[in-house]
Amino acid sequence: MNAVPTWLLVALGVIVALVGMNLLMPHAALDTTLRTSTPEILQVEFPAEITADGENVTGHVRFRDLEGDIARAEFDVVEATVFTPFAFDPQVQGVREGTFEFSIYTVIPQETVLRLTLIDAQGHRSQSVEFRFTARESEDTQ
1075 MNAVPTWLLV ALGVIVALVG MNLLMPHAAL DTTLRTSTPE ILQVEFPAEI
1125 TADGENVTGH VRFRDLEGDI ARAEFDVVEA TVFTPFAFDP QVQGVREGTF
1175 EFSIYTVIPQ ETVLRLTLID AQGHRSQSVE FRFTARESED TQ
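Per my numbering, the sequence shown runs over residues 1075 to 1216.
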């Protein structure tokens, strides 16, 4: 029976020690880390003031998601006189970093605060981001 060379035993011991200290990750462990990432909201752009005339006003969301599987954007109401929460699929599957649009309208003058959360196909939720706007009465109705 042949003995295992000492240098091989030492090398295996070093590799096991590095993996144990998280200094060397096996490929499968690294792959699992990437698959469990959560979406990230980088920026929400929306005017601070809109007109309460029922016309759509467009905003933009900059995002990052390592898996490119964002499936839903949820806009929850934090503060408003009358405003309905809404959600939709931003149609950005396969995109790891980018921008998508959303539209908001109201006919009621009010101060509004919304909370945006992105959700990926596996149910991972981004950290929520709040943004606010004021809907002013239309000059036509004043």
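Yeah, the Cβ is synthetic: ideal placement off N, Cα and C, and Gly gets one too.
For the pair Val1203 and Glu1123, the Cα-to-Cα distance works out to about 18 Å.
The beta carbon of Asp1163 is closer than 7 Å to those of Ala1145 and Arg1146 in its chain, skipping five residues each way along the sequence. Taking 8 Å as the cut-off, the Cβ atoms of Leu1188 and Phe1137 do not count as close. Rounded to the nearest whole angstrom, the CA to CA distance from His1134 to Phe1149 is 13 Å.
Taking the C-beta atoms as reference points, Gly1128 is found no nearer than 8 Å to Val1166.
Linking Thr1132 to Glu1175 through their CA atoms gives a straight-line distance of about 7 Å. Ser1212 has its alpha-carbon roughly 37 Å from the corresponding atom of Pro1113.
Spanning the alpha carbons of Tyr1179 and Phe1157 requires a straight line of approximately 10 Å.
Under the DSSP assignment, Asp1150 falls in the beta strand (DSSP E) whose first and last residues are Ile1144 to Glu1153. When the five nearest sequence neighbours on each side are left out, the beta carbons in the same chain lying within less than 7 Å of the beta carbon of Thr1155 are those of Ile1182 and Gln1184, in order along the chain. Under the DSSP assignment, Phe1160 falls in the beta strand (DSSP E) whose first and last residues are Phe1160 to Phe1162. When secondary structure is reduced to three states using DSSP, Glu1141 falls in the coil class, being assigned neither helix nor strand.
Here Glu1204 carries a strand assignment [DSSP, helix/strand/coil].
Per DSSP, reduced to three states, the secondary structure at Glu1213 is helical.
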